[in-house]
Ligand SMILES: Cc1cc2nc3c(=O)[nH]c(=O)nc-3n(C[C@H](O)[C@H](O)[C@H](O)COP(=O)(O)OP(=O)(O)OC[C@H]3O[C@@H](n4cnc5c(N)ncnc54)[C@H](O)[C@@H]3O)c2cc1C
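In my numbering, the protein residues as written are 1290 to 1703.
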């Protein structure tokens, strides 16, 4: 029987996060060339030119843009299907959209051309997978069947045969089979909210602005899209969400107009509605012998701040940086020393962001007590201070915290 091929790294899951880790590992800046394989049963094609926007879109930060450049994917992404947004307009239902307590972040305040980009998840994923295969990476269109961790390698079984790898990366999403196979647990907390996602046409132009309204029973965001429409993410308490999903398109638009305070004028649904039950997930450990979890396999946060992919891309870059450095020193890139350094780095950053998002959700989307009132006033307070606004804009750009080299550098890797 032929010997199973041995890879330096096998990545299970070629979603945006796994694909980014793969593309960065396959073209290390200065280090040795690594042999990398990705297992992904659902390989997407790039969206067709002229097709309406997909329902699943993501907001990505400046730090993520730089990582995508370093991964060799940005040239495939930048183009007519991406919307660079320049402003964020945030307000609470207790004040009007144009009230003094609304918070407006403008990229110009910090001398930046924009605050980030809204793009289809499929475009992000397909561009990264293309960059990976172009750099010599191998893509197996098969799911993981099982894995067995040995002393110096992991044996992975797929429907297409067996492969061996020094390091296995679990990038297979919230239901991660890798996490379960190696006994890494997950703490899950239900938000009892459902996110409804859809594309809408609006009477007034979106003005390259992301609009977000906090309400007593959830949060509503309008993300500007490349064709002038907007993508809504409406995180609503379960009962309201069930009613909204059951409503016909015209009745839904009436509810949406009310909830949006007509910030963009009357709305009209131009896509189906997709629904996501919202849960916070935290893996207490991100690593085990020869195994590391990244992205949603390690942590899922509330979508209200649009940070899930951005956090995952930083995981991918941190792990790629540490693994590449270990390989350059001729060390075992699957050793626990390397993996623990990754876990220490990323767990604290993710915990900080996850808690901040939960505080916003608790105080601005649901609370009514004195702290909630203070938080609402805080929006206006931040808006009146240029210093505080700049501080939050830099956070929104993702340019704070301990960033991987690729997020600071951004130039294409060698
Ligand atoms: C409503 C909503 C809005 C959001 N908006 C934003 C936003 O604006 N900005 C942002 O940053 N984040 C956002 N997020 C979060 C973001 O969608 C996720 O964090 C992101 O998709 C995680 O990427 P991932 O690659 O880790 O996992 P996934 O996207 O779940 O990808 C996992 C991949 O693994 C594959 N897979 C699964 N099982 C196996 C297996 N056994 N073998 C091999 N492959 C397997 C799957 O096919 C899939 O391709 C949002 C989330 C929601 C719910």
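Where a beta carbon is used, it is the ideal one built from N, C-alpha and C, also for glycine.
Nothing here was measured: the structure is a model prediction, and the numbers come from that model.
Check                                                                                                                                                            : Outcome
Are there three or more Cβ pairs, one per stretch, closer than 8 Å when the segment 1540 to 1555 is compared with the segment 1488 to 1504?                      : yes
Out of 1377, 1310, 1387 and 1417, point me to the one whose CA is closest to residue 1406's CA.                                                                  : 1377
Whole angstroms is fine: what's the gap from residue 1301's alpha carbon to residue 1313's?                                                                      : 15 Å
For chain C, check one thing: does any of its Cβ atoms lie closer than 9 Å to the Cβ of residue 1571?                                                            : No chain C appears in the structure shown, which is made up of a single protein chain.
Between which two residues does the beta strand (DSSP E) harbouring residue 1455 extend?                                                                         : 1450 to 1459
Verify the contact flag: residue 1426, CB atom, against every heavy atom of ligand 1, threshold strictly below 8 Å.                                              : no
Only counting runs of 4 or more residues, tell me where the alpha helix (DSSP H) segments fall wholly within the segment 1327 to 1408, in order along the chain. : 1351 to 1359 and 1363 to 1366
Could you check what DSSP says for residue 1671 in three-state terms: helix, strand or coil?                                                                     : helix
My understanding is that residue 1581 touches residue 1458, with C-beta atoms under 8 Å, so please give their C-beta distance in whole angstroms.                : 5 Å
If we count the other Cβ atoms within 10 Å of its Cβ and call it buried at 16 or more, is residue 1626 buried or exposed?                                        : exposed
Would you tell me roughly how many angstroms separate the C-alpha atoms of residue 1693 and residue 1421, rounded to the nearest one?                            : 19 Å
Do residue 1410 and ligand 1 come close, with the Cβ less than 8 Å from some heavy atom?                                                                         : yes
Closer than 8 Å: is that where the CB of residue 1583 sits relative to any heavy atom of ligand 1?                                                               : yes
Any idea which residues DSSP pairs residue 1566 with across the strands?                                                                                         : 1483
At a cut-off of 8 Å, is residue 1349 close to ligand 1 when judged by its beta-carbon and the heavy atoms of the ligand?                                         : yes
Alpha carbon to alpha carbon, what distance is there between residue 1670 and residue 1384?                                                                      : 14 Å
Just to check my reading of the structure: residue 1579 and residue 1438 have Cβ atoms closer than 8 Å, yes? What is that Cβ distance to the nearest angstrom?   : 5 Å
Looking at C-alpha atoms only, which residue of 1340, 1344, 1297 and 1321 is the closest neighbour of residue 1519?                                              : 1344
Distance, Cα to Cα, residue 1565 vs residue 1674?                                                                                                                : 36 Å
Ignore the nearest five residues each way along the sequence and tell me which others in residue 1425's own chain have a CB closer than 7 Å to its CB.           : 1315
Quick one: any contact between the segment 1294 to 1309 and the segment 1441 to 1458, if contact means 3 or more CB pairs under 8 Å?                             : yes
What residue from 1465, 1514 and 1382 has the CA that sits closest to residue 1340's CA?                                                                         : 1514
Would you kindly work out how many angstroms separate the C-alpha atoms of residue 1710 and residue 1647, rounded to a whole number?                             : An answer regarding residue 1710 cannot be provided, because it is not within the stretch 1290 to 1703 covered by the chain.
Report yes if the CB atom of residue 1507 is closer than 9 Å to the CB atom of residue 1526, and no otherwise.                                                   : yes
Checking 9 Å against the spacing of the C-beta atoms, do residue 1293 and residue 1328 come in under that value?                                                 : no
To the nearest angstrom, how far is the alpha carbon of residue 1521 from that of residue 1607?                                                                  : 31 Å
Kindly indicate which three-state DSSP category residue 1515 falls into: helix, strand or coil?                                                                  : coil
Who pairs with residue 1501 in a beta bridge, going by DSSP?                                                                                                     : 1379 and 1510
Residue 1431 to residue 1672, Cα distance in whole Å?                                                                                                            : 50 Å
With a Cβ-Cβ cutoff of 9 Å, do residue 1418 and residue 1311 count as a contact?                                                                                 : yes
Could you tell me the boundaries of the beta strand (DSSP E) in which residue 1445 lies?                                                                         : 1443 to 1447
Does the beta-carbon of residue 1329, which I'm using as the reference point, lie nearer than 8 Å to any heavy atom of ligand 1?                                 : yes
Just verifying my parser: in three-state terms, what is the DSSP assignment at residue 1682?                                                                     : helix
Name the DSSP beta bridge partners of residue 1550, please?                                                                                                      : Paired residue(s): none; residue 1550 is not in a bridge.
What I want to know is whether the C-beta of residue 1666 ends up closer than 8 Å to one or more non-hydrogen atoms of ligand 1.                                 : no
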